[in-house]
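**Student:** Before anything else, here's the structure in question.
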Amino acid sequence: MTLPTANYSILTPWLLPPGNPKKPNAGDGFILDSTEKLIGSRASHYFSSRAPLSDADIETINGTACLVVAGANTLRDDFAPTPGFTLQTLEKLKVPVILVGLGHYGAAAVTQGLHLSVVKLLTAILERFPCMSVRCDKSWQYVVRSAPHLKDKVFMTSCPVAYPLDRIAKPFTCKQEYDQLVVTITDRTRLAEQMPILEQAPKYFSAKRRVLALHQDYGNTDLKAFAQQQGYEVFSSTRYQDYLALYEASDAHIGNRLHAHLKSLSLGNVSFLMPFDLRQVYFAESLDFPLITALPSPEIAQYDFTRFTTRRDAALPTMLTVISAIRALL
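In the numbering used here, the protein residues as written are 37 to 366.
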């Protein structure tokens, strides 16, 4: 989909500053892509949420209509849109800062309650723009528990990636044999406990082609060799667009990469999410889909995907309220 460019700035964790040891995460790219598709235009300037904003960055942003923060799992007690982003940073910015799709961090130790400085920052941000968007019910509850005075300005919109924005509407067809199964794991850590996913998935999702998609490829040669022994092609790329093309060409997914699951569901692909941390739990509760804790699972055959689409469609008007307010600035 080719979109026009509009005069706004966007902040995204997909972009990594030089020297950052992290690997680009395809899921962050999916959030960026879906946010822009909802708005209906690409941003004119892009900034990394993993790097402080310089004075030159702020000057550039002030030359645009607004700064859209394309969220991820960034809501935690010490939340900031970028490192070192304080009320003083906000004062330098003369345009609205718009929080879209922010999500609960997923770790209890750092989500005990927003720090007072964060509450003050969110309050000031919402004085410039009428609402902020969070991606699940638990994210909403987390913010409102610490900032009850913002209750009517915190909108539960679900995640941008959950929405069908690619003019592709497959009918969630369960098949005896799929054309292409994508399996995802979180390859940066806790690999040993995830290996059974690779071994068991083909037993319950027969497919002509099976692909292990590494959303963050940490170069683990043993993992890749094991996957190939199990009959997988291993897919990784430095472009999130290549992952989008992979899921568009697939008809089934299982794994614990949250945005692989949401993207698959948005396309109408059969997809099942497995647990990894609290983020998967919270999305399953919010969008009414099962977490597959072990294979075989009766929920794979029994789940009615209209449960998911009903929940997503219920959140759509709220999402469109946020998007309409953004478009009004452009």
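Here a beta-carbon is modelled for each residue, glycine too, at the ideal position from N, C-alpha and C.
The structure presented is a predicted model; accordingly, all values stated were derived computationally and were not measured.
Go through the segment 116-157 residue by residue and report every complete run of the alpha helix (DSSP H) that reaches 4 residues or more, in order.
**Tutor:** Qualifying alpha helix (DSSP H) stretches, in chain order: 123-128.
**Student:** Report yes or no: do three or more beta-carbon pairs, one from the segment 180-191 and one from the segment 281-294, lie closer than 8 Å?
**Tutor:** No, they do not touch.
**Student:** Should Lys211 go down as buried or exposed, given a rule of 16 or more other Cβ atoms within 10 Å for buried?
**Tutor:** Reading the sequence shown from its first residue, position 175 is the one you call residue 211. Exposed.
**Student:** Ends of the alpha helix (DSSP H) at Ile97?
**Tutor:** For the purposes of this step, residue 97 is taken as residue 61 along the sequence shown, with counting starting at 1. Counting along the chain, the alpha helix (DSSP H) containing Ile97 begins and ends at 91-98.
**Student:** Alpha carbon to alpha carbon, how far is Val105 from Val131?
**Tutor:** Locating residue 105 in the sequence shown gives position 69, where the first residue counts as 1. Locating residue 131 in the sequence shown gives position 95, where the first residue counts as 1. The alpha-carbon atoms of Val105 and Val131 are separated by roughly 13 Å.
**Student:** Using the Cα positions of Glu269 and Thr122, report the straight-line distance between them to the nearest angstrom.
**Tutor:** Taking the sequence shown and counting its residues from 1, one reaches residue 269 at position 233. Taking the sequence shown and counting its residues from 1, one reaches residue 122 at position 86. If I take the Cα positions, the gap works out to 45 Å.
**Student:** Under a Cβ-count criterion, where at least 16 other Cβ atoms within 10 Å of its own Cβ denotes burial, should Gly120 be classed as buried or exposed?
**Tutor:** Walking along the sequence shown from the start, residue 120 turns up at place 84. It counts as exposed.
**Student:** Please confirm whether Ala361 and Pro166 have their CB atoms less than 8 Å apart.
**Tutor:** One-based indexing of the sequence shown puts residue 361 at position 325. One-based indexing of the sequence shown puts residue 166 at position 130. Their beta carbons are under 8 Å apart, which means Ala361 touches Pro166 by this criterion.
**Student:** I'd like the list of long-range same chain contacts for Leu327, defined as Cβ closer than 8 Å, with 5 residues on each side in sequence excluded.
**Tutor:** Within the sequence shown, the letter at position 291 stands for residue 327. Excluding positions up to five away in sequence, the list reads Leu309, Met310, Pro311, Gln316, Val317, Ala320.
**Student:** To the nearest angstrom, how far is it from the Cα of Asp93 to the Cα of Gly76?
**Tutor:** In the sequence shown, the residue the question calls residue 93 occupies position 57. In the sequence shown, the residue the question calls residue 76 occupies position 40. One C-alpha to the other measures close to 24 Å.
**Student:** What is the DSSP secondary structure of Lys244, reduced to helix, strand or coil?
**Tutor:** Counting from one through the sequence shown, the residue named residue 244 turns up at place 208. Correct three-state label for Lys244: strand.
**Student:** Which same chain residues end up closer than 7 Å to Lys59 when comparing Cβ atoms and leaving out the 5 residues on each side of it in sequence?
**Tutor:** Position 23 of the sequence shown, counting from 1, holds the residue named residue 59. Closer than 7 Å at Cβ, skipping near neighbours: Gln252, Asp253, Tyr254.
**Student:** When DSSP builds the beta bridges, which residues end up paired with Tyr82?
**Tutor:** The sequence position of residue 82 within the sequence shown is 46, counting from 1. Tyr82 pairs with Ile46.
**Student:** Going by C-alpha to C-alpha distance, which of Arg112, Ser70, Ala116, Ala101 sits closest to Ser84?
**Tutor:** Residue 84 sits at position 48 when you count from the first residue of the sequence shown. That would be Ala116, whose Cα lies nearest to the Cα of Ser84.
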